[in-house]
Amino acid sequence: MVARGRELRLELALEAGVVGAWLYDAATHELTWEAPMYQIFRVPLGTPVTLEDFLARVHPDDRGRFEASIARTLEGSDFREEHRITTSRGARWVMIRAQLLTDGRKRMVTGVTFDVTERKEAEEARSALVRTLEGKNAELETARAGLQEARTELGLSRRLAGLGQLVAGVSHEMNTPLGALKSALDTLGVVASRLDGLALPEEGQRLPKVVRASVEAARAAEERLTLVVGSLRSFSRLDQAPEETGSVDDCVRTVISLVEARAERVTLRFTQAAPTRPLVLRAREVQQALLTLVLNAVEAVQRRGEGEVRVRTEADAATVRVVIEDDGDGIDKEQLEGLLEPGFAGSGPRLGMRLGLSIAHRVATEHGGSLVISSAGRGHGARAVLTLARRA
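Quick look at the structure:
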């Protein structure tokens with residue numbers, strides 16, 4: 079049986095490479111190491127060793143698994159595992175292969191052990207390299223996405239710069255006819271008042287009402303045009319407002335007070351997660367951006383009939399956010415893309431809305447933040463989040 083054990087160890091050794099062979103007698107608990115085993119475990123040659131010595135040199139984290147495998151081998155299972163061992167020169171990795179020998183009376187385990195530390199280190203180095211490459215790939219993807227975003231922003235900035243020059247001229251040209259229209263409407267209003275005091279024939283008695291209704295409709299259109307012209311002016315000189323330390327909450331309150339008179343059939347609600355601390359901003363621009371967003375929300379609700387517009391402020395150490403949600407008629411998903419660009423050509427939003435949103439977006443980016451508009455589609459309302467960054 080001993081000779082058969084030597085043959086089997088030789089076969090295992092030839093298959094595994096240069097290794098240390100060993101033999102364990104389960105009856106006498108005698109463990110025999112051949113010379114290479116002493117070299118692998120960094121133990122002086124000829125030192126008596128026991129199974130307990132063998133176990134003691136297995137890494138503590140692997141010892142339980144090693145003992146269980148030896149027990150299974152004594153029951154007839156083959157042993158083929160990798161374990162860490164501790165030596166005088168530090169931890170090493172070994173591959174252990176063993177089999178049970180029995181002649182019906184004696185049980186012996188014969189095995190071979192070979193050092194695979196270099197292979198394991200190479201595998202770990204390869205894994206580390208793969209992780210590094212994966213990290214670099216992720217960095218490259220992030221950089222590529224950032225570059226694409228920068229190109230998009232650059233293209234938008236160029237379009238905005240050219241558009242700014244154009245709208246400055248357009249707003250100037252529109253001011254004169256708007257002034258004439260306002261003057262004419264004022265005159266018509268006076269005429270309508272005087273007509274009330276005149277004794278008109280029966281067929282002319284409806285004339286004052288017709289004139290007043292026409293004046294009111296025309297004045298609403300004139301106010302809307304004035305708002306658009308104001309947006310055009312602001313768009314063309316957006317960076318000229320002075321910076322100051324101000325409160326976003328105050329900006330929201332100012333806007334709500336301006337909109338309330340026009341919010342027929344709409345309930346306006348303003349809530350604060352907590353009072354926001356003052357930050358550096360251009361208050362007039364922020365108010366204009368908020369006015370656009372709140373007015374759009376109010377008009378969306380009015381187009382649907384009635385409902386709510388909910389405005390709330392949130393803040394953290396880095397940003398202040400204004401969230402505006404409405405129960406309005408919503409926005410088609412295909413129209414959301416490009417909605418913040420001045421040249422957006424969707425069929426739903428009107429010119430004033432498109433221009434106002436592009437200005438609000440530019441105000442947000444000029445303040446180191448963003449504007450995000452979302453909607454589940456027509457009939458499902460909309461949500462706008464204006465974020466402003468805290469700056470030193």
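For the sequence shown, the residue numbers in the numbering used here are 79 to 470.
Yeah, the Cβ is synthetic: ideal placement off N, Cα and C, and Gly gets one too.
Just so we're clear, the structure is a prediction, and the values are computed from it rather than from any experiment.
- prompt: Opposite Met186 in the DSSP bridges: which residues?
  reply: For this step, residue 186 is matched to residue 108 along the sequence shown. Listed as beta-bridge partners of Met186 by DSSP are Asp103, Leu179.
Proximity winner among Ala221, Ala296, Arg290, Arg222, relative to Ala258 (alpha-carbon distances): Counted from its first residue, the sequence shown places residue 258 at position 180. If we check each option's Cα against that of Ala258, Ala296 comes out closest.
Under 8 Å by Cβ, that's how I've got Glu377 and Asp405 pegged, so tell me the actual separation to the nearest angstrom. Here residue 377 is taken as the residue at index 299 of the sequence shown, counted from 1. Here residue 405 is taken as the residue at index 327 of the sequence shown, counted from 1. About 12 Å; that fails the 8 Å criterion.
* Does the beta-carbon of Glu363 have 16 or more other beta-carbons within 10 angstroms, so that it is buried, or is it exposed? -> Residue 363 sits at position 285 when you count from the first residue of the sequence shown. Per the 10 Å Cβ criterion, buried.
To the nearest angstrom, how far is the alpha carbon of Gly426 from that of Gly408?
Reading the sequence shown from its first residue, position 348 is the one you call residue 426. Reading the sequence shown from its first residue, position 330 is the one you call residue 408. Residue confidence for Gly426 is low, a pLDDT of 45 falling below 50, so the modelled location carries little weight; the figure read from the coordinates is stated next. Going from the Cα of Gly426 to the Cα of Gly408 covers about 10 Å.
- Closest Cα partner of Val172 within the set Phe119, Leu207, Ala203, Ile148: Counting from 1 along the sequence shown, the entry for residue 172 is found at position 94. Residue Phe119 is the option with its Cα nearest to Val172.
- Status (buried if at least 16 other CB within 10 Å, exposed otherwise) for Leu24: Residue 24 is absent from the model: the chain starts at 79 and stops at 470.
_For a test of the three-state rule: what should DSSP assign to Val75, helix, strand or coil?_
Coverage of the chain is limited to positions 79 through 470, which leaves residue 75 absent and any answer about it impossible.
- Does the stretch 139 to 155 come close enough to the stretch 111 to 125 that 3 or more CB-CB pairs lie under 8 Å? The stretch 111 to 125 makes no contact with the stretch 139 to 155, as fewer than three CB pairs between them are under 8 Å.
Exercise. State the Cα-Cα distance for the pair Glu196 and Val121, rounded to the nearest angstrom.
Key: Working through the sequence shown from its first residue, we reach residue 196 at position 118. Working through the sequence shown from its first residue, we reach residue 121 at position 43. One Cα belongs to Glu196, the other to Val121, and the distance between them is close to 20 Å.
In this structure, does DSSP put Val333 in helix, strand or coil?
Position 255 of the sequence shown, counted from the start, is the residue given in the question as residue 333. Correct three-state label for Val333: helix.
- prompt: Is it right to say Ala462 is buried, meaning 16 or more other beta carbons lie within 10 angstroms of its own, or is it exposed?
  reply: Start at 1 with the first residue of the sequence shown, and residue 462 comes out as number 384. Ala462 counts as buried, since no fewer than 16 other beta carbons sit within 10 angstroms of its beta carbon.
- On the three-pair Cβ rule with 8 Å, is the stretch 147 to 155 touching the stretch 193 to 211? Using a C-beta cut-off of 8 Å, the stretch 147 to 155 makes no contact with the stretch 193 to 211, since fewer than three inter-stretch Cβ pairs fall below that distance.
Should Arg456 be labelled buried (16 or more other beta-carbon atoms within 10 Å of its own) or exposed?
One-based indexing of the sequence shown puts residue 456 at position 378. Exposed.
Could you tell me which whole beta strand (DSSP E) segments of length 3 or greater appear in the stretch 335 to 399? Complete beta strand (DSSP E) runs here, min 3: 344 to 350, 357 to 359, 385 to 393.
- [ ] Answer yes or no: do Val330 and Val398 have a C-beta to C-beta separation smaller than 8 Å?
- [x] Mapped onto the sequence shown, residue 330 falls at position 252. Mapped onto the sequence shown, residue 398 falls at position 320. No, they are not a contact pair.
Exercise. Under the three-state reduction of DSSP, which class applies to Ser271: helix, strand or coil?
Worked result: Counting from 1 along the sequence shown, the entry for residue 271 is found at position 193. DSSP, reduced to helix, strand and coil, places Ser271 within a helical segment of the structure shown.
Item to complete: For the alpha helix (DSSP H) holding Leu414, just list the boundary residues, first then last.
Response: For this step, residue 414 is matched to residue 336 along the sequence shown. Taken as a continuous stretch (DSSP letters only), the alpha helix (DSSP H) holding Leu414 covers 411 to 414.
- How would you call Gly421, buried or exposed, if buried means at least 16 neighbouring beta carbons within 10 angstroms? As a working mapping, residue 421 is identified with position 343 in the sequence shown. In this predicted model, Gly421 has a pLDDT of only 49, less than 50, meaning its place in the structure is not dependable enough to derive any value.
Practice prompt. Sort Arg347, Thr304, Ser271 by Cα distance to Ala291 and report the nearest one.
Written response: On the sequence shown, position 213 is the one that residue 291 refers to. Nearest of Arg347, Thr304, Ser271 to Ala291, Cα basis: Ser271.
Open item on the list: Counting C-beta neighbours from all protein chains within 10 Å, is the total for Ala176 16 or more, i.e. buried, or is it exposed?
Closed with: If you number the sequence shown from 1, residue 176 lands on position 98. Ala176 comes out buried.
For the beta strand (DSSP E) that contains Ala460, what are its first and last residues?
In the sequence shown, the residue the question calls residue 460 occupies position 382. Boundaries of the beta strand (DSSP E) harbouring Ala460: 460 to 467, taken from the DSSP string.
Please state whether the Cβ-Cβ distance between Val194 and Glu160 is less than 8 Å. The residue given as residue 194 occupies position 116 in the sequence shown. The residue given as residue 160 occupies position 82 in the sequence shown. Between Val194 and Glu160, the CB-CB gap stays under 8 Å.
So, at 8 Å on beta carbons, what are the nonlocal neighbours of Ala169 in its own chain, with the 5 sequence-adjacent residues on each side left out? In the sequence shown, the residue the question calls residue 169 occupies position 91. Cβ within range, chain order: His137, Arg162, Ile163.
Run through DSSP, which three-state label would Ser452 get? By 1-based counting over the sequence shown, the position of residue 452 is 374. In the structure shown, Ser452 adopts extended strand secondary structure according to DSSP, grouped into three states.
Exposure label - Thr128; buried when at least 16 CB within 10 Å:
Your numbering for residue 128 matches position 50 in the sequence shown. So Thr128 counts as exposed.
| With distances taken from CA atoms, which of Leu133, Met252, Thr165, Ser335 is nearest Glu301? | By one-based count along the sequence shown, residue 301 stands at place 223. Closest by alpha carbon: Met252.
### Extent of the continuous alpha helix (DSSP H) run through Cys114
Counted from its first residue, the sequence shown places residue 114 at position 36. Sequence inspection shows Pro at residue 114; the Cys mentioned does not correspond to that position. Taken as a continuous stretch (DSSP letters only), the alpha helix (DSSP H) holding Pro114 covers 113 to 119.
So who's on the other strand from Asp404, going by DSSP bridges? Position 326 of the sequence shown, counted from the start, is the residue given in the question as residue 404. Beta-bridge analysis with DSSP links Asp404 to Val387, Ala460.
- Tell whether a beta-carbon distance below 8 Å holds between Glu392 and Ala351. Translated into positions along the sequence shown, residue 392 becomes position 314. Translated into positions along the sequence shown, residue 351 becomes position 273. Against a cut-off of 8 Å, the Cβ pair of Ala351 and Glu392 comes out as a contact.
For this session: State the beta-bridge partners of Leu109 as determined by DSSP.
Result: Looking up residue 109 in the sequence shown gives position 31. Residue pairing by DSSP places Leu109 opposite Tyr102 in a beta bridge.
Exercise. Please confirm whether Gly383 and Leu359 have their CB atoms less than 8 Å apart.
Key: Position 305 of the sequence shown, counting from 1, holds the residue named residue 383. Position 281 of the sequence shown, counting from 1, holds the residue named residue 359. No. Outside cutoff.
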